[in-house]
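**Q** The listed protein sequences correspond, in order, to chains P and W.
All residue numbers for the first sequence refer to numbering that gives the first Met the number 0, where the first residue is 0 and numbers rise by one.
All residue numbers for the second sequence refer to numbering that gives the first Met the number 0, where the first residue is 0 and numbers rise by one.
Here a beta-carbon is modelled for each residue, glycine too, at the ideal position from N, C-alpha and C.
For reference, the structure I am asking about is given below.
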Amino acid sequence: MTDVQTQPAISTAQPEDFFQLLKPRVMSLVVFTAATGLVVAPGSINPLVAAIAVLCIAVGAGAAGALNMALEGETDALMRRTRGRPVAAGRVKKNDAMAFGVILSLFSVMLLGMNANWLAAGLLAMTIVYYAGFYTLLLKRRTPQNIVIGGAAGAFPPVIGWAAATGQAPWQAWLLFAIIFLWTPPHSWALALYSAGDYAKAGIPMMPVAKGAKSTRLQILLYTLVFVPVAIAPAFVGLGGLIYLVVSVAGGLGFLGLALRLYRSRAGDEPDKAEAVGREAALYDVRAQAKPARDLFAFSILYLMALFSALLVEALSGLGA
Amino acid sequence: MRLTPEELRARKRRNVWIAAALVAFIVLVFSTTVLRLQQNQASERALLEAATGTTAQ
Numbered sequence: 000m001t002d003v004q005t006q007p008a009i010s011t012a013q014p015e016d017f018f019q020l021l022k023p024r025v026m027s028l029v030v031f032t033a034a035t036g037l038v039v040a041p042g043s044i045n046p047l048v049a050a051i052a053v054l055c056i057a058v059g060a061g062a063a064g065a066l067n068m069a070l071e072g073e074t075d076a077l078m079r080r081t082r083g084r085p086v087a088a089g090r091v092k093k094n095d096a097m098a099f100g101v102i103l104s105l106f107s108v109m110l111l112g113m114n115a116n117w118l119a120a121g122l123l124a125m126t127i128v129y130y131a132g133f134y135t136l137l138l139k140r141r142t143p144q145n146i147v148i149g150g151a152a153g154a155f156p157p158v159i160g161w162a163a164a165t166g167q168a169p170w171q172a173w174l175l176f177a178i179i180f181l182w183t184p185p186h187s188w189a190l191a192l193y194s195a196g197d198y199a200k201a202g203i204p205m206m207p208v209a210k211g212a213k214s215t216r217l218q219i220l221l222y223t224l225v226f227v228p229v230a231i232a233p234a235f236v237g238l239g240g241l242i243y244l245v246v247s248v249a250g251g252l253g254f255l256g257l258a259l260r261l262y263r264s265r266a267g268d269e270p271d272k273a274e275a276v277g278r279e280a281a282l283y284d285v286r287a288q289a290k291p292a293r294d295l296f297a298f299s300i301l302y303l304m305a306l307f308s309a310l311l312v313e314a315l316s317g318l319g320a
Numbered sequence: 000m001r002l003t004p005e006e007l008r009a010r011k012r013r014n015v016w017i018a019a020a021l022v023a024f025i026v027l028v029f030s031t032t033v034l035r036l037q038q039n040q041a042s043e044r045a046l047l048e049a050a051t052g053t054t055a056q
């Protein structure tokens, strides 16, 4: 009886809730990296075609996010970082989120195919299926390598941008893919080191949960040792110029320094005291020991933005290699 | 079924946004079609010029 009275007859979800389903923060990074791929690709592209292509890639990525939230609603509700999401909080029904994601996926892929070319559209479709299907449904709960393999989904946008501009996806585009792909594990595991309790509660085998903090810190360092040279590589293969070289080397050294500091720290070792007493701690309200992890997480975002900004600035100003 | 004012308001706002999104989609498809036509015409003209060795009027 009470249920009948409290349950709304129709959805009371607001447009803002549906916008949140698109993961706007992730979308902004997608827009940025896709636009960079599109701009640094050789040749010229009509500005309107370019703008529509970037919009399609952004909406496609958002659609993948909506599908992810629809499929992960129950898990999201268990974690502090995600419990406010529209499906987890009960503001949007799972089926509505699913329908929203499917419709946006179809429209964005179709429009990208019509506007740019079908290679770009195919890559976008593959990215959506990879993220929502392969990563969310299969990988995430099965292996601590989830973020390594699943990270490919976030690395596709510059390749799609490049393909939209040229109709091809040469190795230079895949170098941009490799930068984001190798950047993802140290970035995500740094975050996981100070929110491992949440992941454990939700039953997600993130690296610190499955292998422990010490192993995670070592793997972050090892990935960083591979990532930094790859991040610098565009300066030596004709993709980046002097600005890119300076930014990638200086930032790379900073990244390496922070990864080394994290490796030597005890970040992630102790149980979260805030959780132990059941206090509602904010995500960034972390213990002092976790500071190196938090610093690396913040710096990793800054470094990736700086790398792609340098490429973008050089391409737009003609200062590139 | 009687809807509450809150439900009605939410539905109206969603409908307005759906309408706006549909209009935006129509504009994008129209723009894409026009651009494609222009590009095809330009490449056809270039092919004709290459074949005849003259500048098309």
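1. Are the C-beta of Arg12/W and some C-beta of chain P separated by less than 8 Å?
2. Which residues in chain P sit within 7 Å of Ala49/W, going by Cβ to Cβ distance?
3. Below 8 Å on the Cβ atoms is my guess for Ala40/P versus Ala164/P; work out the distance and round it to an integer in Å.
4. Compare the Cα-Cα distances from Asn94/P to each of Asn114/P, Ala76/P and Glu71/P and report the closest residue.
5. Are Gly160/P and Pro207/P touching if we call contact CB-CB under 8 Å?
6. Helix or strand or just coil, what does DSSP make of Met125/P?
7. At a Cβ threshold of 8 Å, is Val28/W touching chain P?
8. With a 10 Å radius around its C-beta and 16 neighbouring C-beta atoms as the bar for buried, classify Gly89/P as buried or exposed.
9. Measuring alpha carbon to alpha carbon, tell me which residue in Arg263/P, Tyr243/P, Leu224/P and Val246/P is nearest Leu255/P.
10. Which chain W residues are close to Val128/P, counting only those with a beta carbon under 8 Å from its beta carbon?
11. Assign Val236/P to one of three DSSP states: helix, strand, or coil.
12. Below 8 Å, can you find three or more Cβ-Cβ pairs linking the stretch 98-110 of chain P to the stretch 142-162 of chain P?
13. Report the start-end ranges of each alpha helix (DSSP H) in the stretch 172-248 of chain P that is 4 residues or longer and not cut off at the edges.
14. Going by beta-carbon coordinates alone, are Gly253/P and Ala230/P separated by less than 8 Å?
15. Which residues in chain W have a C-beta closer than 7 Å to the C-beta of Pro46/P? List them in chain order.
16. For Ala106/P, which residues in chain W fall below 7 Å Cβ to Cβ?
17. Below 6 Å CB to CB, which residues in the same chain sit around Phe176/P once its five sequence neighbours on both sides are set aside?
18. Would Lys139/P be called buried (16 or more neighbouring beta carbons within 10 Å of its own) or exposed?
19. Taking the CB atoms as reference points, tell me whether Ala120/P and Gly112/P lie closer together than 8 Å.
20. Could you check where the alpha helix (DSSP H) with Leu110/P kicks off and where it finishes?
21. With a threshold of 8 Å between beta-carbons, can Ile51/P be considered close to chain W, or not?
22. For the alpha helix (DSSP H) that contains Val169/P, what are its first and last residues?
23. Are His186/P and Phe31/P touching if we call contact CB-CB under 8 Å?
24. For Leu20/P, which residues in the same chain have their Cβ closer than 7 Å to its Cβ, ignoring the five residues on either side in sequence?
25. How is the alpha helix (DSSP H) around Ile148/P delimited, first residue to last?
26. How about the stretch 44-57 of chain P and the stretch 180-200 of chain P: do they share at least three Cβ pairs that are nearer than 8 Å?
27. So what's Thr35/P in DSSP terms, helix, strand or just coil?
28. Kindly indicate the opening and closing residues of the alpha helix (DSSP H) around Phe24/W.
29. What residues from chain W crowd round Ala8/P, counting only those whose CB sits closer than 9 Å?
30. Under 8 Å, do Ala34/P and Asn114/P count as touching if we go by C-beta distance?
**A** In terms of the structure at hand:
1. Looking up residue 12/W in the second sequence gives position 13. True, the Cβ-Cβ gap to chain P drops below 8 Å.
2. For the purposes of this step, residue 49/W is identified with residue 50 of the second sequence, where counting begins at 1. In chain order: nothing, as chain P lies at least about 19 Å away.
3. Working through the first sequence from its first residue, we reach residue 40/P at position 41. Working through the first sequence from its first residue, we reach residue 164/P at position 165. Correct: roughly 4 Å between the Cβ atoms.
4. Numbered from its first residue, the first sequence carries residue 94/P at position 95. Of the listed residues, the one whose Cα sits closest to Asn94/P is Glu71/P.
5. To locate residue 160/P, count along the first sequence from 1; it is residue 161. To locate residue 207/P, count along the first sequence from 1; it is residue 208. Going by C-beta atoms, Gly160/P is not nearer than 8 Å to Pro207/P.
6. Locating residue 125/P in the first sequence gives position 126, counting from the first residue. Correct three-state label for Met125/P: helix.
7. For the purposes of this step, residue 28/W is identified with residue 29 of the second sequence, where counting begins at 1. It does: the Cβ of Val28/W has a partner Cβ on chain P nearer than 8 Å.
8. What you label residue 89/P is simply residue 90 of the first sequence in a count that begins at 1. So Gly89/P counts as exposed.
9. Position 256 of the first sequence, counted from the start, is the residue given in the question as residue 255/P. The option with the nearest alpha carbon to Leu255/P is Leu224/P.
10. What you label residue 128/P is simply residue 129 of the first sequence in a count that begins at 1. Under the 8 Å cutoff, chain W gives no residues; its nearest Cβ is about 22 Å from Val128/P.
11. Position 237 of the first sequence, counting from 1, holds the residue named residue 236/P. Of the three classes helix, strand and coil, the one that applies to Val236/P here is coil, per DSSP.
12. no
13. 195-201, 206-210 and 212-231
14. Looking up residue 253/P in the first sequence gives position 254. Looking up residue 230/P in the first sequence gives position 231. Going by C-beta atoms, Gly253/P is not nearer than 8 Å to Ala230/P.
15. The sequence position of residue 46/P within the first sequence is 47, counting from 1. The premise fails here: Pro46/P is roughly 10 Å from chain W at the closest Cβ pair, so nothing lies under 7 Å.
16. Position 107 of the first sequence, counted from the start, is the residue given in the question as residue 106/P. Here the sequence assigns Phe to residue 106/P, which means Ala is not the residue at that position. Under the 7 Å cutoff, chain W gives Phe24.
17. Here residue 176/P corresponds to residue number 177 of the first sequence, with the count starting at 1. Answer for Phe176/P: Ala154 and Val158, listed in chain order.
18. Here residue 139/P refers to the residue found at position 140 when the first sequence is read from its first residue. By the 10 Å Cβ count, Lys139/P comes out buried.
19. In the first sequence, counting from the first residue as 1, residue 120/P sits at position 121. In the first sequence, counting from the first residue as 1, residue 112/P sits at position 113. Yes, the Cβ-Cβ distance between Ala120/P and Gly112/P is below 8 Å.
20. Along the first sequence, read from residue 1 onward, the residue named residue 110/P stands at position 111. Leu110/P -> alpha helix (DSSP H) spans Lys93 to Asn114.
21. Numbered from 1 along the first sequence, position 52 holds the residue referred to as residue 51/P. True, the Cβ-Cβ gap to chain W drops below 8 Å.
22. Taking the first sequence and counting its residues from 1, one reaches residue 169/P at position 170. The displayed chain sequence assigns Pro, not Val, to residue 169/P. Careful: Pro169/P lies outside any alpha helix (DSSP H) and carries neither H nor E.
23. Translated into positions along the first sequence, residue 186/P becomes position 187. Translated into positions along the first sequence, residue 31/P becomes position 32. For His186/P and Phe31/P, no; Cβs fall outside 8 Å.
24. Stepping through the first sequence from its first residue, residue 20/P is reached at position 21. Around Leu20/P: Gly64, Ala65, Met68, Pro85, Val91, Ala96 and Phe99.
25. Reading the first sequence from its first residue, position 149 is the one you call residue 148/P. Per DSSP, Ile148/P belongs to the alpha helix (DSSP H) from Asn145 to Ala154.
26. no
27. In the first sequence, the residue the question calls residue 35/P occupies position 36. In this structure, Thr35/P counts as helix in the three-state DSSP scheme.
28. Within the second sequence, residue 24/W is the residue found at index 25, counting from 1. Note, Phe24/W: alpha helix (DSSP H), Pro4 to Thr51.
29. Translated into positions along the first sequence, residue 8/P becomes position 9. Correct list: Met0, Arg1, Leu2, Thr3 and Glu6.
30. Your numbering for residue 34/P matches position 35 in the first sequence. Your numbering for residue 114/P matches position 115 in the first sequence. Cβ distance not < 8 Å, so Ala34/P and Asn114/P don't count as in contact.
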